[in-house]
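Trainee: Here's a structure for you.
Numbering (UniProt numbering), first residue to last: 1 to 173.
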């Protein structure tokens, strides 16, 4: 199995859920496991990564971020791997309409990372999450997420950073 590519997604804004980039309106979200029906609807041209291949990896689980009022439109995807003592974020991607200067919603990547932290707490791992970053984005992840470098380009979120993200995106917890 090839190593996943390093993270190359910018955390645009930490929001309460996701926020319309033009109006500033917030929308409640839910993160759910990607289904077979979801996979059938994914268009290769709308995603940078091959999510159909990612779903086939037995050691990973792919989750989708949706708005509660419109669960048929996927806002972003994340692939997570349970490493027994922490959660590893293998891939993360905002949908095509949530990337770049003309994105529709802010907060998609932060929301997905917060979900990974929540899952880590739910599994008894203390919120610990790791991922491999591109070199140019390490400082960005330190500032935006509170991540720290473990070694090389491998970064981690500890309990404190995870609590902050969870409180931001899941205030009811």
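The beta carbon of each residue, even a glycine, is placed where N, CA and C say it ideally should be.
From which residue to which residue does the alpha helix (DSSP H) around residue 54 run?
Mentor: As a working note, residue 54 is residue 54 in the chain shown. Unbroken alpha helix (DSSP H) run through residue 54: 51 to 55.
Trainee: Taking the beta strand (DSSP E) that residue 131 falls in, what are its first and last residues?
Mentor: Residue 131 sits at position 131 when you count from the first residue of the chain shown. Residue 131 -> beta strand (DSSP E) spans 129 to 132.
Trainee: Assign residue 88 to buried or exposed, taking buried as 16 or more other Cβ atoms, counted over all protein chains shown, within 10 Å of its Cβ.
Mentor: On the chain shown, position 88 is the one that residue 88 refers to. Label assigned to residue 88: buried.
Trainee: Have a look at residue 43 and residue 34 and give me their C-alpha separation to the nearest angstrom.
Mentor: Position 43 of the chain shown, counted from the first residue, corresponds to residue 43. Position 34 of the chain shown, counted from the first residue, corresponds to residue 34. Approximately 14 angstroms, taken between the alpha carbons.
Trainee: Look up residue 82 in the DSSP assignment and give the residues it is bridged to.
Mentor: As a working mapping, residue 82 is identified with position 82 in the chain shown. For residue 82, which the question treats as bridged, DSSP gives the partners 87.
Trainee: In the DSSP assignment, what are the bridge partners of residue 98?
Mentor: The count along the chain shown starts at 1 and reaches residue 98 at position 98. DSSP output for residue 98 lists no bridge partner at all.
Trainee: Taking 7 angstroms as the cut-off, decide whether the C-beta atoms of residue 94 and residue 104 are in contact.
Mentor: In the chain shown, counting from the first residue as 1, residue 94 sits at position 94. In the chain shown, counting from the first residue as 1, residue 104 sits at position 104. Going by C-beta atoms, residue 94 is not nearer than 7 angstroms to residue 104.
Trainee: Just verifying my parser: in three-state terms, what is the DSSP assignment at residue 157?
Mentor: Here residue 157 refers to the residue found at position 157 when the chain shown is read from its first residue. Residue state, collapsed to three classes: strand.
Trainee: Examine the Cβ distances between the region 23 to 34 and the region 65 to 77 and report whether three or more of them are shorter than 8 angstroms.
Mentor: They touch, by the three-pair rule.
Trainee: Decide if residue 37 is buried, meaning its Cβ has at least 16 other Cβ atoms within 10 Å, or exposed.
Mentor: For the purposes of this step, residue 37 is taken as the residue at position 37 of the chain shown. Residue 37 is exposed by the Cβ-count criterion.
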